[in-house]
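Data first, discussion second: the structure below is written as C-alpha cells.
This is the structure:
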C-alpha cells in the first residue's frame, strides 16, 4: 500500500472497529469525507484489503497487516511528539498523520527503541508491537529507561529528556546534561549522584525520572 489516502481509510476502519466493534459502510463513507470515498473503498475491495458483507466493512488479512503498520507508525509518532518534542495536543495528531506515511520500518523501529517500546499512545490506545518489542521483552532490562532505574555503577548515555517544566530543561542543559552525553551513576540514595566527565551532579528523584538513558 503506497497511497496515503488509502492508508488513511485502512487506519479509519481499524480505529472505528477498535472503538465500537463494527464498521458500517455508509458511516465509513461519511467519515472518509472525500468526493472519491466510494471509489477509494471499491479499490480497496478490488485489491483484497477490505470486504463488505451486509453493509459491514472488515479488513482482510492483507488489509489488517497494512492497517496495523499505519496505526503503529501513527501512535509511535504521537509518543515521540508528546514525550520528546513536547508538541501540544492540537498539533500532535495532524503531525503524526504526516509522519505515518513517510516512516519506513527501520526508522519506526529506531523510534520505538528510543522510546523504550511504549505499549500505548498518549491517548491510551494500544500501540501494535513490532519485532523489536518482542526482542526487548526477552531482555532483562529495557534498552531505554529513566535514569532513576539505573543501578549504582551503571554507565549510560542520555537518550532524551522528558519534562513539562521548561525551566528544569534549561537547567539540565546548562549543566551539560544533553542527549548523547555519557554518565556514570555513583549512588542512588539519598540523592542520585552522577559523574559526567570530571563533574559530579546530584539529582533528586523527580528529575532523575525525567532523564531517559541508554545503557552502554
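In the UniProt record's numbering, the protein residues as written are 1 to 216.
For every residue, glycine included, the Cβ atom is placed at its ideal position computed from N, Cα and C.
None of these values were measured; they are calculated from a predicted model.
The continuous beta strand (DSSP E) containing residue 213 extends over residues 211-215. Taking the C-beta atoms as reference points, residue 147 is found no nearer than 8 angstroms to residue 201. Taken through DSSP and simplified to helix, strand or coil, residue 20 comes out as helix.
Counting only residues of its own chain and dropping the five nearest sequence neighbours on each side, residue 109 has a CB closer than 7 angstroms to the CB of 130 and 132. CA-CA distance, residue 149 to residue 124, rounds to 23 angstroms. Between residue 57 and residue 28 a beta carbon distance of about 6 angstroms is seen, short of the 8 angstroms cut, so the two are scored as contacting. Residue 145: member of the beta strand (DSSP E) spanning 144-146, first to last residue. Cβ-Cβ separation between residue 214 and residue 159: approximately 5 angstroms, consistent with a contact (criterion under 8 angstroms).
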